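Asker: Have a look at the structure that comes next, please.
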Amino acid sequence: MLELWVTSRQGCQIDSCPNGYHYPCGDLRKHIKMLLHSKWQWDSETNKKLHAVKLLVEPWPSLANRKADTLITRLRIGHTRFTHLHLLLGEEPPMCSLCNCHVSVRHIL
Numbered sequence: 043m044l045e046l047w048v049t050s051r052q053g054c055q056i057d058s059c060p061n062g063y064h065y066p067c068g069d070l071r072k073h074i075k076m077l078l079h080s081k082w083q084w085d086s087e088t089n090k091k092l093h094a095v096k097l098l099v100e101p102w103p104s105l106a107n108r109k110a111d112t113l114i115t116r117l118r119i120g121h122t123r124f125t126h127l128h129l130l131l132g133e134e135p136p137m138c139s140l141c142n143c144h145v146s147v148r149h150i151l
């Protein structure tokens with residue numbers, strides 16, 4: 043963590059501040075937040091798994107029922123007992139009996 047001491051500018055008006063900084067604090071904070079949020083976006087990283095789940099970083103609408111919310115979230119990211127139990131048991135992944143490929147949530151749906 044970096045600590046920075048800034049001396050106060052008592053009586054400084056927005057139009058008379060030195061160094062050409064004429065932005066209110068709220069606007070500067072909003073601009074920095076927007077820059078950080080744009081760096082955090084993964085919409086240009088098409089080969090990442092999260093890109094397939096959700097294109098933009100923004101909150102999901104939450105459901106009133108916690109169990110349903112958890113179920114929907116697990117389906118979105120593709121983590122279910124049926125598709126991931128083999129990892130815990132050290133077995134081979136389940137195969138689809140119709141097309142002979144690995145079973146996934148996307149494949150089932």
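For the sequence shown, the working numbering assigns the number 151 to the last residue and increments by one with no breaks. For each residue, glycine too, the CB sits at the ideal point set by N, CA and C. Model, not experiment: these values are computed from the prediction.
Pull up the distance between the alpha-carbon of Thr125 and that of Trp82, whole angstroms please.
Answerer: Distance between the alpha carbons of Thr125 and Trp82: 29 Å.
Asker: Would you give the residue range spanned by the alpha helix (DSSP H) that Val147 belongs to?
Answerer: Segment Val147 to Ile150, the alpha helix (DSSP H) holding Val147.
Asker: Consult DSSP for His144 and reduce its assignment to one of helix, strand or coil.
Answerer: It is a strand residue.
Asker: Taking 8 Å as the cut-off, decide whether the C-beta atoms of Thr122 and Val95 are in contact.
Answerer: Going by beta carbons, Thr122 and Val95 fall outside the 8 Å limit.
Asker: At the level of alpha carbons, what is the spacing between Leu129 and His73?
Answerer: Those two C-alpha atoms are separated by around 44 Å.
Asker: Does the distance from the C-beta atom of Pro135 to that of His149 stay below 8 Å?
Answerer: no
Asker: Based on Cα-Cα distance, which residue from Ala106, Leu105, Lys109 and Ser80 lies nearest to Leu97?
Answerer: Ser80
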